[in-house]
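Numbering (full-length UniProt numbering), first residue to last: 1 to 155. Note that beta-carbon positions come from the ideal geometry of N, C-alpha and C, so glycine has one too. Please read these numbers as outputs of a predicted model, since none were measured by experiment. The next block holds one structure in the form of structure tokens; read it before the comments.
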Amino acid sequence: MDKLVQFGRKAWFVVRVLSGYEERMIRAYRLQMQQRIQMAQAKKEMLRKQPEQIILSEVRQMVQQMQALNQHLEETETAIDEYFKPIDKNAQIIMDLQMEKEERQMKEMAKIMQDQISMQRELASKRAQASAIESKDSQASEKMAEGPPKEETIK
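Structure follows, in structure tokens:
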């Protein structure tokens, strides 16, 4: 009986193979397995990408926070500039006045120095003239001292 059952199974298998039923079943099973494998790979890929997506979303969030902070800082800087504008104007006016005062002082000092230099030149020229006159006088007096005896000898 066992042999009969085995023969029946083999015969039935041959019938299925000849009719193409077994081939269709194998193809369907293989297709089903491929779909399962693809789904498993997609799931695996999704799980692999999930940390990347989480990291990317955190990075995006941080970038947005930094941009908001930069904008807030720019607004604060603008508000501070607006607040200190009158003070800056006053400081600029004070600095301009101080610069003008320093320029006047420098011009006055330059004028005083020029006057001093011209006075020193005048004194130097007067001294030179006085020494020249003195030397002429001394030469003249020496000549006079030497001169009268010559005149006496001439007479």
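Output the boundary residues of the alpha helix (DSSP H) element that contains G20. By one-based count along the sequence shown, residue 20 stands at place 20. Per DSSP, G20 belongs to no alpha helix (DSSP H) and is neither H nor E.
Just to confirm before moving on: does the CB-CB distance between R30 and E22 stay below 7 angstroms? Within the sequence shown, the letter at position 30 stands for residue 30. Within the sequence shown, the letter at position 22 stands for residue 22. Result no, Cβ atoms of R30 and E22 do not sit closer than 7 angstroms.
Would DSSP call M1 helix, strand or coil? To locate residue 1, count along the sequence shown from 1; it is residue 1. Note: M1 maps to coil in three-state DSSP.
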